[in-house]
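A.B. asks:
In the working numbering, the protein residues as written are 32 to 526.
(1) Helix, strand or coil: which one does DSSP assign to residue 128?
(2) Skipping 5 residues on each side, what residues in its chain have a beta carbon closer than 7 Å to that of residue 450?
(3) May I ask which residues mark the beginning and end of the beta strand (DSSP E) holding residue 495?
(4) Please go through the region 273-335 and give each complete alpha helix (DSSP H) segment of 4 or more residues, from N-terminal end onward.
(5) Please identify the residue among 523, 512, 524 whose C-alpha is closest to the C-alpha of residue 325.
(6) At the level of alpha carbons, what is the spacing between residue 497 and residue 351?
(7) Evaluate the contact criterion for the region 122-138 versus the region 147-157: three or more CB pairs, one atom per stretch, below 8 Å.
(8) What are the start and end residues of the alpha helix (DSSP H) that includes residue 357?
(9) How about residue 491 and residue 447: do their beta carbons lie closer than 8 Å?
(10) In this structure, does DSSP put residue 10 in helix, strand or coil?
(11) Between the region 366-377 and the region 334-350, do three or more beta carbon pairs fall short of 8 Å?
(12) DSSP beta-bridge partners for residue 136?
(13) Below 8 Å between beta carbons: does that hold for residue 390 and residue 400?
(14) DSSP state of residue 220, grouped into three classes?
(15) Where DSSP assigns a beta bridge to residue 157, which residues make up the other side?
(16) DSSP three-state label for residue 215, please.
(17) In the structure shown, what three-state DSSP assignment does residue 370 receive?
(18) Could you tell me the boundaries of the alpha helix (DSSP H) in which residue 518 lies?
(19) Look at the alpha carbon of residue 359 and the alpha carbon of residue 525, and state the distance between them as a whole number of angstroms.
(20) Report back the beta-carbon spacing between residue 135 and residue 149 to the nearest angstrom; my notes put them in contact at under 8 Å.
(21) Is it buried or exposed, residue 138, if we count other Cβ atoms within 10 angstroms and call 16 or more buried?
(22) What are the boundary residues of the alpha helix (DSSP H) that residue 433 is part of?
(23) What does the alpha-carbon distance come out to for the pair residue 215 and residue 396?
(24) Can you give the beta carbon distance from residue 100 to residue 177, rounded, assuming they're within the 8 Å contact cut?
(25) Sort 213, 321, 175 by Cα distance to residue 238 and report the nearest one.
(26) Give every residue of the same chain whose Cβ lies closer than 6 Å to the Cβ of residue 301, excluding the five residues on either side of it in the sequence, and list them in chain order.
(27) When we look at the beta-carbon of residue 508 and count the other beta-carbons within 10 Å, is it buried (16 or more) or exposed?
(28) Where residue 514 and residue 520 are concerned, what is the direct C-alpha to C-alpha distance, given to the nearest angstrom?
(29) Taking the CB atoms as reference points, tell me whether residue 475 and residue 483 lie closer together than 8 Å.
(30) Measuring CB to CB, does residue 495 end up less than 8 Å from residue 445?
(31) Take every Cβ of the region 426-444, pair it with every Cβ of the region 281-301, and state whether three or more of those distances are shorter than 8 Å.
(32) Spatial neighbours of residue 132 within its chain, please: C-beta separation below 6 Å, excluding the five flanking residues on both sides.
(33) Can you give me the C-alpha to C-alpha distance between residue 357 and residue 523, rounded to a whole angstrom?
(34) Which residue comes first and which comes last in the beta strand (DSSP E) that contains residue 239?
(35) Do residue 421 and residue 307 have their beta-carbon atoms positioned less than 8 Å apart in this structure?
So this is what it looks like as structure tokens:
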């Protein structure tokens, strides 16, 4: 190899090495530039973070010191398959301090009123429902702050909402100026919505112009007074004179249409009425057999007059109803199928050993049917005492869940209000019910065909015709009737 070839080969090797080193240096430069940029950015962010931390250190420290753990107190399952309840009354408000077992609120289920108590010690921070709202089982009722330190009680939560009213179907909704807002509570907004009132037209008398319930009611009264003053006053028009100039009688002016005394209103079906709606709808799907009869209770009227003083000595109001209830229990001993129930598909009959006889009661909240437990083992006076207890609780709306569940047979005393015959509806899953009419003094023939005055009672029975035939209902009624027409036989069969 000549020296020229060696020189060329050496130069090419040097150029190759030099180009490789230059490429590596360029890559290292790019990497170093990226690292420096990241470091500079990190330094800037760290400096900015320290400045924010220094500026807001006091506020963050104050918040962490005064805010405690807040837990949601949920509505627990109260049994009987109830999924929702109506909130009847709040015993606390936001900002109140509560302890364990303190009463929070009272709710009305389909069957009874229940008082909800607190499981925590703390301060109420939020209430989720207003009075008469429907609360779902498992949903939160209130938020409770568990810390025991003194904190400033928060003011009543006030929503600033845009005042808008939904227009009727087919029309465009009317929206006010977005800048125009009102101070009020959700309860006041609900009242205004029910009466289609624009809250922007109501003058608030509360703090900072807050609109109260009283302001809405006062606005409603002012609208009513304006409607009354704007009633059209029409003057009678004289008819034109006839060409014959004969006098004609003036026609009377048309009578203006009367102004409505009140306003239409809509209210949701809740509580006991809602339960009654579901139960009656289900009951009317059962094919029934009805039977009516007349009972001569003249001997029973005399027997009650003799025993009334004994009951009054014990402080009992002694009506005819305890006799009717006890006579039903004695008749059920002979015909136990009327003291039974069936499953939803009507494939099984469940005979009940205890005679838990329900009494239909008309209360302010609606129809309720509490029952007297174990009538087969009670005397007439004991039945009267239990009946008086249930009636007192029913008037107060304080019937418990135990009083309203477990019934096996029902009676409805329509005669206490007035009436003779009825067609009572079975309270499923029971299979029979009776409706008792009023006692009337009516003329009847005796054995010698003489007209005599007798005290007569009408009874109406309804039975589930899927499991009870008409002959069984008739025989049961005859036995019940015999006990009332001869009270001594009823006393002889008591155990």
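Here a beta-carbon is modelled for each residue, glycine too, at the ideal position from N, C-alpha and C. Treat the numbers as computed from the prediction; the structure is a model and nothing was measured.
C.D. replies: With the given structure in hand:
(1) For the purposes of this step, residue 128 is taken as the residue at position 97 of the chain shown. If DSSP states are grouped into helix, strand and coil, residue 128 belongs with the strands.
(2) The sequence position of residue 450 within the chain shown is 419, counting from 1. Closer than 7 Å at Cβ, skipping near neighbours: 468, 469.
(3) By 1-based counting over the chain shown, the position of residue 495 is 464. 482-495 is the extent of the beta strand (DSSP E) around residue 495.
(4) 302-314
(5) The residue labelled residue 325 in the question sits at position 294 within the chain shown. Ranking the options by Cα distance to residue 325, first place goes to 512.
(6) By one-based count along the chain shown, residue 497 stands at place 466. By one-based count along the chain shown, residue 351 stands at place 320. Taking the straight line from one Cα to the other gives about 32 Å.
(7) yes
(8) The residue given as residue 357 occupies position 326 in the chain shown. Element bounds for residue 357: 352-365.
(9) For the purposes of this step, residue 491 is identified with residue 460 of the chain shown, where counting begins at 1. For the purposes of this step, residue 447 is identified with residue 416 of the chain shown, where counting begins at 1. No, the pair does not count as a contact, with Cβ atoms beyond the cut-off.
(10) As shown, the chain starts at 32 and ends at 526. That puts residue 10 outside it, with no answer to give.
(11) no
(12) By 1-based counting over the chain shown, the position of residue 136 is 105. DSSP lists 121, 147 as the bridge partner or partners of residue 136.
(13) Residue 390 sits at position 359 when you count from the first residue of the chain shown. Residue 400 sits at position 369 when you count from the first residue of the chain shown. Closer than 8 Å, so yes.
(14) Counted from its first residue, the chain shown places residue 220 at position 189. In this structure, residue 220 counts as helix in the three-state DSSP scheme.
(15) Looking up residue 157 in the chain shown gives position 126. DSSP output for residue 157 lists 174 as bridge partner(s).
(16) Taking the chain shown and counting its residues from 1, the one referred to as residue 215 is at position 184. DSSP places residue 215 in strand when its eight states are reduced to three.
(17) Within the chain shown, residue 370 is the residue found at index 339, counting from 1. Residue 370: helix per DSSP, three-state reduction.
(18) Position 487 of the chain shown, counting from 1, holds the residue named residue 518. Looking at the DSSP string, the run of the alpha helix (DSSP H) that includes residue 518 is 518-524.
(19) Here the question's residue 359 lines up with position 328 in the chain shown. Here the question's residue 525 lines up with position 494 in the chain shown. Going by the C-alpha atoms only, they are around 12 Å apart.
(20) Along the chain shown, one-based indexing puts residue 135 at 104. Along the chain shown, one-based indexing puts residue 149 at 118. Right, their Cβ atoms sit about 5 Å apart.
(21) Residue mapping note: residue 138 aligns to position 107 of the chain shown, counting from 1. When all chains shown are included, residue 138 counts as buried.
(22) Against the chain shown, residue 433 aligns to sequence position 402. Start and end: 432-435.
(23) Taking the chain shown and counting its residues from 1, one reaches residue 215 at position 184. Taking the chain shown and counting its residues from 1, one reaches residue 396 at position 365. Rounded to whole angstroms, residue 215 to residue 396 spans 30 Å at the Cα level.
(24) Your numbering for residue 100 matches position 69 in the chain shown. Your numbering for residue 177 matches position 146 in the chain shown. Confirmed, Cβ separation roughly 5 Å.
(25) Within the chain shown, the letter at position 207 stands for residue 238. Per the Cα distances, 213.
(26) For this step, residue 301 is matched to residue 270 along the chain shown. For residue 301, where only same-chain residues beyond five positions count, the Cβ hits under 6 Å are 117.
(27) Along the chain shown, read from residue 1 onward, the residue named residue 508 stands at position 477. Label assigned to residue 508: buried.
(28) For the purposes of this step, residue 514 is identified with residue 483 of the chain shown, where counting begins at 1. For the purposes of this step, residue 520 is identified with residue 489 of the chain shown, where counting begins at 1. When rounded, the distance between both Cα atoms is 6 Å.
(29) On the chain shown, position 444 is the one that residue 475 refers to. On the chain shown, position 452 is the one that residue 483 refers to. Against a cut-off of 8 Å, the Cβ pair of residue 483 and residue 475 comes out as a contact.
(30) Start at 1 with the first residue of the chain shown, and residue 495 comes out as number 464. Start at 1 with the first residue of the chain shown, and residue 445 comes out as number 414. Their beta carbons are not under 8 Å apart, which means residue 495 does not touch residue 445 by this criterion.
(31) Output reads no: the region 281-301 does not touch the region 426-444.
(32) If you number the chain shown from 1, residue 132 lands on position 101. The answer, listed in chain order, is 148.
(33) One-based indexing of the chain shown puts residue 357 at position 326. One-based indexing of the chain shown puts residue 523 at position 492. Their Cα atoms are separated by approximately 12 Å.
(34) Working through the chain shown from its first residue, we reach residue 239 at position 208. Unbroken run through residue 239: none, as it is neither H nor E.
(35) By 1-based counting over the chain shown, the position of residue 307 is 276. By 1-based counting over the chain shown, the position of residue 421 is 390. Taking 8 Å as the Cβ cut-off, residue 307 and residue 421 do not qualify as a contacting pair.
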